[in-house]
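Visitor: Take this structure, written in structure tokens, and hold onto it; I'll ask about it next.
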Amino acid sequence: MLELTDITKSFRTGPAETIVLNDLTLHVGEREFCSIMGGSGSGKSTLMNIIGLLDRPTRGQYRIAGEDVLAAPPDKQSALRNRLIGFVFQSFFLLPRLNAWRNAALPLMYRGTPEAEARRQACAMLERVGLADRMEHMPAMLSGGQKQRVAIARALVGQPKVLLADEPTGALDPKVAQEIMDLFLEVNRELGVLVLIITHDPHIAAQCPRQLRLGGGRIAQDLRMAA
Ligand SMILES: Nc1ncnc2c1ncn2[C@@H]1O[C@H](COP(=O)(O)OP(=O)(O)O)[C@@H](O)[C@H]1O
Ligand SMILES: [Mg+2]
Numbered sequence: 009m010l011e012l013t014d015i016t017k018s019f020r021t022g023p024a025e026t027i028v029l030n031d032l033t034l035h036v037g038e039r040e041f042c043s044i045m046g047g048s049g050s051g052k053s054t055l056m057n058i059i060g061l062l063d064r065p066t067r068g069q070y071r072i073a074g075e076d077v078l079a080a081p082p083d084k085q086s087a088l089r090n091r092l093i094g095f096v097f098q099s100f101f102l103l104p105r106l107n108a109w110r111n112a113a114l115p116l117m118y119r120g121t122p123e124a125e126a127r128r129q130a131c132a133m134l135e136r137v138g139l140a141d142r143m144e145h146m147p148a149m150l151s152g153g154q155k156q157r158v159a160i161a162r163a164l165v166g167q168p169k170v171l172l173a174d175e176p177t178g179a180l181d182p183k184v185a186q187e188i189m190d191l192f193l194e195v196n197r198e199l200g201v202l203v204l205i206i207t208h209d210p211h212i213a214a215q216c217p218r219q220l221r222l223g224g225g226r227i228a229q230d231l232r233m234a235a
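Numbering (my numbering), first residue to last: 9 to 235.
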């Protein structure tokens, strides 16, 4: 599903060049569930942004479902991102002036889905993530765990093939973090979506069937747990 080959990413700040990813190769199959660990500054977010088509590598090849996405023009890349990829972040990034269902419906609105249909699908997804009784709540009226559930509903509403989560439990207390992790495991199993989750929490990583570690700009460790 995701095929990254010899991906290099460097940033130029003044005269110096920082190489963050250095000939990184990673293949992830449909329906896999992977954690990505690595020290602060090891390039986890940079890698996730490249995978999510939010950023481009300096060089290398990247195919999603066989398609050479780096060769695609920008508007095609945006369309692929909207259709194939859902994002979840540590700090939720909900729009404060929109209620839960309107936040969850955003990817559909960007696609031009009529509002009534977008609302129906957003509410169904909110129900799916355990927020049936919070459809009209504004983000400020939700707990951290509930906000992250809205963000997960928004990430999944467009039926993506890939769910990318950058430290999604980093702002939550351990009990709520586990509930959110259980939700990721459930949607991976039941919706068949590929999940990539960046985490600093060894307890979260230990629950992932495949555990990756970034180091030296590459995949320094790639462990698969016995089922
Ligand atoms: N836009 C940018 N410009 C310059 N340097 C960057 C940029 N984005 C990230 N970096 C650098 O790349 C390295 C990796 O960053 P990041 O991917 O955010 O690490 P992680 O998520 O693993 O903590 C850091 O040294 C960071 O300073
Ligand atoms: Mg990061």
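Even for Gly, the Cβ is constructed at its ideal location relative to N, Cα and C.
#1: Under a three-way DSSP split, which group does residue 77 fall into?
#2: Under the DSSP definition of a beta bridge, which residues are partnered with residue 26?
#3: Looking at C-alpha atoms only, which residue of 17, 75, 23, 67 is the closest neighbour of residue 11?
#4: According to DSSP, simplified to helix, strand and coil, what is residue 54?
#5: Go through its chain and collect everything with a Cβ distance to residue 112's Cβ below 7 angstroms, but skip five positions before and after it.
#6: Evaluate residue 21 with the Cβ neighbour count: other Cβ atoms within 10 Å of its Cβ, from every protein chain shown; 16 or more gives buried, anything less gives exposed.
#7: Within 7 angstroms: the Cβ of residue 169 and any heavy atom of ligand 1?
#8: Just curious, the alpha helix (DSSP H) that residue 192 is in, first and last residue?
#9: Classify residue 81: buried if its beta carbon has 16 or more other beta carbons within 10 angstroms, exposed otherwise.
#10: Curious, which full-length beta strand (DSSP E) runs of at least 3 residues does the stretch 69-130 contain?
#11: Rounded to a whole number of angstroms, what is the C-alpha to C-alpha distance between residue 26 and residue 49?
#12: What number of angstroms, rounded off, separates the C-alpha of residue 256 from the C-alpha of residue 71?
#13: By alpha-carbon positions, which one of 204, 16, 189 ends up nearest to residue 168?
#14: Find the nearest neighbour of residue 152 within the set 227, 200, 98, judged by alpha-carbon distance.
#15: Cα-Cα, which of 42, 126, 23, 54 is closest to residue 30?
#16: With a CB to CB cut of under 8 angstroms and the five nearest residues on each side skipped, what residues in its chain are close to residue 73?
#17: From 83, 57, 121, pick the residue whose C-alpha is nearest to that of residue 96; which is it?
#18: Less than 8 angstroms between CB atoms is the rule here; does residue 36 satisfy it with respect to chain D?
#19: Between residue 221 and residue 46, is the Cβ-Cβ spacing less than 8 angstroms?
#20: Please list the terminal residues of the continuous beta strand (DSSP E) segment that includes residue 170.
#21: Terminal residues of the continuous beta strand (DSSP E) containing residue 223?
#22: Per the contact definition of three or more C-beta pairs closer than 8 angstroms, is the stretch 99-118 in contact with the stretch 137-145?
#23: Assuming contact is defined by CB atoms lying nearer than 8 angstroms, are residue 32 and residue 44 in contact in what I supplied?
Guide: So, from the listed chains and residues:
#1: In the structure shown, residue 77 sits in a helix (DSSP, three-state: H, G or I).
#2: Answer is 19, bridged to residue 26.
#3: Closest option to residue 11, Cα to Cα, is 75.
#4: It is helical.
#5: Around residue 112: 130, 133, 134, 158, 161, 162, 165.
#6: Looking at its Cβ environment, which holds fewer than 16 other Cβ atoms inside 10 Å, residue 21 is exposed.
#7: Relative to ligand 1, the beta carbon of residue 169 is positioned no closer than 7 angstroms to any heavy atom.
#8: Residues 182-199.
#9: Here residue 81 is exposed: its Cβ has fewer than 16 other Cβ atoms, across all protein chains shown, within 10 Å.
#10: Runs of the beta strand (DSSP E) inside the stretch 69-130: 93-97.
#11: Separation of residue 26 and residue 49 (C-alpha to C-alpha, rounded to the nearest whole angstrom) is 11 angstroms.
#12: It is not possible to answer for residue 256, since the shown part of the chain is limited to 9 through 235.
#13: Minimum Cα-Cα distance from residue 168 among the listed residues 204, 16, 189 corresponds to 204.
#14: Across the set 227, 200, 98, the C-alpha of 98 shows the shortest separation from the C-alpha of residue 152.
#15: For residue 30, the closest alpha carbon among the candidates 42, 126, 23, 54 is that of 54.
#16: Same-chain partners within the cutoff: 9, 92, 169.
#17: The candidate whose alpha carbon is nearest that of residue 96 is 57.
#18: The displayed structure is made up of one protein chain only, and chain D is not part of it.
#19: Yes, the pair counts as a contact, with Cβ atoms nearer than the cut-off.
#20: First-last of the beta strand (DSSP E) with residue 170: 170-174.
#21: It spans 218-223 - the beta strand (DSSP E) in which residue 223 sits, taken as one unbroken run.
#22: The stretch 137-145 vs the stretch 99-118: in contact.
#23: Not in contact: residue 32 and residue 44 (Cβ atoms no closer than 8 angstroms).
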